[in-house]
Amino acid sequence: NVLIIFILLTTVSFAQGLKFGFGGGLSTISNSNSSLSYNAGYHLSAKAKVDIPLFPIKPVAFIQYYILNGSYSFAGFTGSTSQKIFSAGIGAEYSLLPGPISPYVAIDFGYNNIGEVKFEPSILNQSSSASFSRTGLDIGAGVEISVPFLISFDVSAKYNMLNLFGKQGEGSISVFNLNLSVLF
548 NVLIIFILLT TVSFAQGLKF GFGGGLSTIS NSNSSLSYNA GYHLSAKAKV
598 DIPLFPIKPV AFIQYYILNG SYSFAGFTGS TSQKIFSAGI GAEYSLLPGP
648 ISPYVAIDFG YNNIGEVKFE PSILNQSSSA SFSRTGLDIG AGVEISVPFL
698 ISFDVSAKYN MLNLFGKQGE GSISVFNLNL SVLF
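The numbering of the sequence shown is the numbering used here, which starts it at 548 and goes up by one.
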């Protein structure tokens, strides 16, 4: 009986430390081997984090879906481009100051599916790379503002190196994000 009570209490206390929520924000992409010009895009995100009492490091898991738009100029033709990128990963946030307003620094390791660039109107003989997957590293900082027992707002800025590992001839692809998540 004591073992069952201990397991139930452990499960309940662990569940109280789990926060999950949705968000989004602005994204700016940079591709060192591309002549395409991208406007600021946006992204949608989901995030989960585990708050371990009296421990400054919080494990996190996330997914992000980037929607990027830009323009091109090729042999006298101009038009628009679009690209979608899906990212999923795990990481850690180190809390610099505990409390209802808690700044943090973060590092994440992510899997990224970098989608094909689409041209509108399409151009004859325009080379378009197929989508591909790479792993990357994200670094950043943020602040979590909590209303105890109700909701938290997580505001962050991150630099995401989408293809830091496993490059196969493509240039470095990175995204700078400003994100707001609402966590429950």
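Every residue, glycine too, gets a C-beta built ideally from N, C-alpha and C.
| Query | Result |
| --- | --- |
| Can you find at least 3 beta carbon pairs, one from the region 724-731 and one from the region 692-705, that sit closer than 8 Å? | yes |
| Helix, strand or coil: which one does DSSP assign to V664? | coil |
| Three or more C-beta pairs closer than 8 Å, one from the region 609-621 and one from the region 633-642: is that the case here? | yes |
| Helix, strand or coil: how does DSSP classify A622 here? | coil |
| Tell me whether N726 sits in a helix, a strand or coil according to DSSP, three-state version. | strand |
| Mapping the DSSP letters down to three states, classify N737 as helix, strand or coil. | Outside the displayed range of the chain (548 to 731) lies residue 737, so it cannot be described from this structure. |
| Check for me: the beta strand (DSSP E) holding E691 runs from which residue to which? | F679 to V694 |
| Residues in its own chain within less than 6 Å of I686 by CB, not counting five upstream and five downstream? | I654 and Y706 |
| I'd like to check one pair, V652 with A677: are the Cβ atoms closer than 7 Å? | no |
| Write down the C-beta distance between K596 and K605 rounded to the nearest angstrom, noting that I regard them as a contact closer than 8 Å. | 5 Å |
| Can you list, in chain order, the residues of its chain with a C-beta nearer than 8 Å to that of F679? Leave out the 5 residues immediately preceding and following it. | N660, I661, Q715 and E717 |
| Output yes or no for whether 7 Å exceeds the beta carbon distance between V664 and E640. | no |
| If we count the other Cβ atoms within 10 Å of its Cβ and call it buried at 16 or more, is F561 buried or exposed? | For F561, the predicted structure reports a pLDDT of 47, less than 50, and the residue's modelled location is therefore unreliable. A value from the coordinates is still provided. By the 10 Å Cβ count, F561 comes out exposed. |
| Within 10 angstroms of the Cβ of S574, are there 16 or more other Cβ atoms? Answer buried if so, exposed if not. | buried |
| Going by alpha carbons, who is nearest to L694 out of G683, S669, F656 and V729? | The sequence as given places Val at residue 694; Leu does not occur at that position. Looking at the Cα atoms, V729 is the closest of the given residues. |
| Determine the burial state of I648: buried for a count of at least 16 other Cβ atoms within 10 Å of its Cβ, exposed for fewer. | exposed |
| Short of 6 Å in beta carbon distance, which residues of its chain neighbour L711, apart from the five on each side in sequence? Order them along the chain. | G683 and L684 |
| Going straight from the alpha carbon of K566 to that of S719, what length do you get? | 33 Å |
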